[in-house]
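Student:
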Amino acid sequence: MTGGQTYYNGLIAQGYPADQALGYTQQYYPGFTPADAAQESMPLPAPIPSQPLIQPQATPQPQIMVQPMAQTIPVQQQMANPALGGVAPVAVAPIAEKKPILTWVAVGCITIAVLLALVGQFGNSWQVQNDESIENGAGQVSLGLSDMKVDCTGVAQEQSCIQLAYVLLADDMDNAASESPPSDSIVKGPIENYCENTYSLTIALAGDNQELRSQAGDDRENCLSNDAAGGVTGITVWIAMLGLLSSAVMLTVSSIGKELPANAQRYGRPSSFIGGGLAILGAVIWLLMKYDFDGNFDNGSSFYFILFAGILAIIAGILDTFDKR
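The number in this note's numbering is simply the position in the sequence shown, starting from 1, with 43 added.
1. Return the CA-CA distance between F346 and L145, expressed in angstroms with no decimal places.
2. Taking the alpha-carbon positions, what's the L159 to I349 distance?
3. Could you pull the DSSP bridge partners for L186 from this structure?
4. For C266, which residues in the same chain have their Cβ closer than 6 Å to its Cβ, ignoring the five residues on either side in sequence?
5. Are there three or more Cβ pairs, one per stretch, closer than 8 Å when the segment 296 to 313 is compared with the segment 243 to 261?
6. What are the start and end residues of the beta strand (DSSP E) that includes V19?
7. Please go through the same chain and pick out, in chain order, the residues whose beta-carbon is closer than 8 Å to the beta-carbon of I97, but skip the five residues on each side of it.
8. Taking buried to mean at least 16 other C-beta atoms within 10 Å of its own C-beta, is S290 buried or exposed?
9. Could you tell me how far apart the beta carbons of N220 and V230 are, in whole angstroms, since I believe they sit closer than 8 Å?
10. Who are the near neighbours of M85 in its chain, counting only those whose CB is closer than 8 Å to its CB and skipping five residues on each side?
11. Any chance you could list the beta strand (DSSP E) runs of at least 3 consecutive residues sitting entirely within the segment 195 to 275, in chain order?
12. Do G325 and T295 have their CB atoms nearer than 8 Å?
13. So, with DSSP's three-state summary, where would you put F316?
14. Does the beta-carbon distance from G273 to S314 come in below 8 Å?
15. When DSSP builds the beta bridges, which residues end up paired with N52?
16. Short of 7 Å in beta carbon distance, which residues of its chain neighbour F316, apart from the five on each side in sequence? Order them along the chain.
17. Taking Cβ positions, are R256 and A247 nearer each other than 8 Å?
18. What whole-angstrom Cβ distance do N339 and S176 have, given they're in contact under 8 Å?
19. With a Cβ-Cβ cutoff of 8 Å, do G353 and G320 count as a contact?
20. So the alpha helix (DSSP H) D62 belongs to, where does it begin and stop?
21. How close, in whole Å, do the beta carbons of D363 and G311 come, if the pair is a contact with beta carbons under 8 Å?
22. For G163, collect the residues of the same chain with a Cβ closer than 6 Å to its Cβ; drop the 5 residues on either side in sequence, then sort them by chain order.
Written out as structure tokens, the structure is:
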């Protein structure tokens, strides 16, 4: 039996005429039509002689109408029909908390950027001697930020190559000339030592030739510019790496919903931009200050590592900007 039929039968049982019961029922159940079987199975109560037929209308109706609603209409049926005025609760699935996926990707980019910056900082391939400038019997020379590396591997006169490289890169050229060179075919030493020793050797050979002495002085200054460029770039890259490490920590704390003192986790994104910008700035400074020995050297992998590290850090900041955590 439907809710409308139940409500209608309840009104009939209370003594309402069929037409009034039908009208009241259709107010709450529009389109309701009483079943014939229900009308036949539930006979009308005998009329009360002392009350005229219109008496129920003269009686105040609100109390009578409230009772059948409260007693005969189930709560589930009231909620099932919006026309009754009851508001049915809507089952709303809990909204899942958005995961900071882009922020985690940004942290990964920053981690890779730090690793690239470390490789570039300690790498000895900021400048690499090109193949056209390598002379017979000489090793391949490459420069880092502060060191020079001479690789005598595969050279025809390998021992002579090692001896010359060892002397030119030594702190004391005179003592190194009297010592036995190392057996390792790769010799490393400070760029500054190479510049000063080469200048001293050239001056000793130039004698009174002022032109050669002047040229030696110019070559010394150009050579030392690589050491100066490496010093400035090295400091800049160190600061950039500290900024990137701080950014990675702050973004991680922000992603897991924790807080740092003074809400420092809010500065993870700016730190990423600043660290990336400093890394690129360091690479540009080195590019402007370095001396390529008259085009005999090309930019090496360490330079590009720093450049890519800065770009990755900036990309990380952009990714965190689009994250909706």
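We put the CB at the ideal spot given by N, CA and C, even for glycine.
Just so we're clear, the structure is a prediction, and the values are computed from it rather than from any experiment.
Tutor: Answer, in terms of the structure:
1. Translated into positions along the sequence shown, residue 346 becomes position 303. Translated into positions along the sequence shown, residue 145 becomes position 102. As the crow flies, the alpha-carbon of F346 is around 28 Å from that of L145.
2. Counting from 1 along the sequence shown, the entry for residue 159 is found at position 116. Counting from 1 along the sequence shown, the entry for residue 349 is found at position 306. Straight-line Cα distance between these residues: approximately 6 Å.
3. Here residue 186 is taken as the residue at index 143 of the sequence shown, counted from 1. Looking at the DSSP assignment, L186 forms a beta bridge with Q170 and M191.
4. Indexing the sequence shown from 1 puts residue 266 at position 223. Counting only Cβ-Cβ distances below 6 Å, and skipping sequence neighbours, we find C238.
5. No, because fewer than three Cβ pairs between the segment 296 to 313 and the segment 243 to 261 fall closer than 8 Å, the two stretches do not touch.
6. Because the chain is modelled from 44 through 368, residue 19 falls outside the range shown and cannot be assessed.
7. In the sequence shown, the residue the question calls residue 97 occupies position 54. Note that I97 scores a pLDDT of 43, beneath 50, so its modelled location is shaky; the value from the coordinates is reported in the next line. Residues of the same chain with a CB within less than 8 Å of the CB of I97, apart from the 5 flanking positions on each side, do not exist.
8. Position 247 of the sequence shown, counted from the start, is the residue given in the question as residue 290. Residue environment analysis places S290 among the buried positions, since at least 16 neighbouring C-beta atoms fall within 10 angstroms of its C-beta.
9. Within the sequence shown, the letter at position 177 stands for residue 220. Within the sequence shown, the letter at position 187 stands for residue 230. The residue asked about is misnamed: residue 220 is Ala in this sequence, not Asn. About 14 Å separates the two Cβ atoms, so there is no contact after all.
10. Residue mapping note: residue 85 aligns to position 42 of the sequence shown, counting from 1. Annotation note: pLDDT 48 at M85 (below 50); position unreliable, no value reported.
11. The segment 195 to 275 contains, as complete beta strand (DSSP E) runs of 3+ residues, the segments 229 to 233 (chain order).
12. Sequence index remark: in the sequence shown, residue 325 carries index 282 (1-based). Sequence index remark: in the sequence shown, residue 295 carries index 252 (1-based). In this structure, G325 keeps its C-beta atom at 8 Å or more from the C-beta atom of T295.
13. Here residue 316 is taken as the residue at index 273 of the sequence shown, counted from 1. The answer is helix: DSSP assigns F316 an H, G or I state.
14. By one-based count along the sequence shown, residue 273 stands at place 230. By one-based count along the sequence shown, residue 314 stands at place 271. Not a contact, by the Cβ cut-off of 8 Å.
15. Position 9 of the sequence shown, counted from the first residue, corresponds to residue 52. According to DSSP, which records beta bridges pairwise, N52 is partnered with nothing at all.
16. Locating residue 316 in the sequence shown gives position 273, where the first residue counts as 1. So the qualifying residues of the chain are I357 and G360.
17. Position 213 of the sequence shown holds residue 256. Position 204 of the sequence shown holds residue 247. Not closer than 8 Å, so no.
18. Numbered from its first residue, the sequence shown carries residue 339 at position 296. Numbered from its first residue, the sequence shown carries residue 176 at position 133. N339 to S176, Cβ: 4 Å. Contact.
19. Start at 1 with the first residue of the sequence shown, and residue 353 comes out as number 310. Start at 1 with the first residue of the sequence shown, and residue 320 comes out as number 277. Using a Cβ distance threshold of 8 Å, G353 and G320 count as a contacting pair.
20. Against the sequence shown, residue 62 aligns to sequence position 19. Here the alpha helix (DSSP H) through D62 covers A61 to Y71.
21. As a first step, residue 363 is located in the sequence shown; it is residue number 320 there, counting from the start. As a first step, residue 311 is located in the sequence shown; it is residue number 268 there, counting from the start. That pair is a contact at about 7 Å.
22. Stepping through the sequence shown from its first residue, residue 163 is reached at position 120. The residues are S345, F348 and I349.
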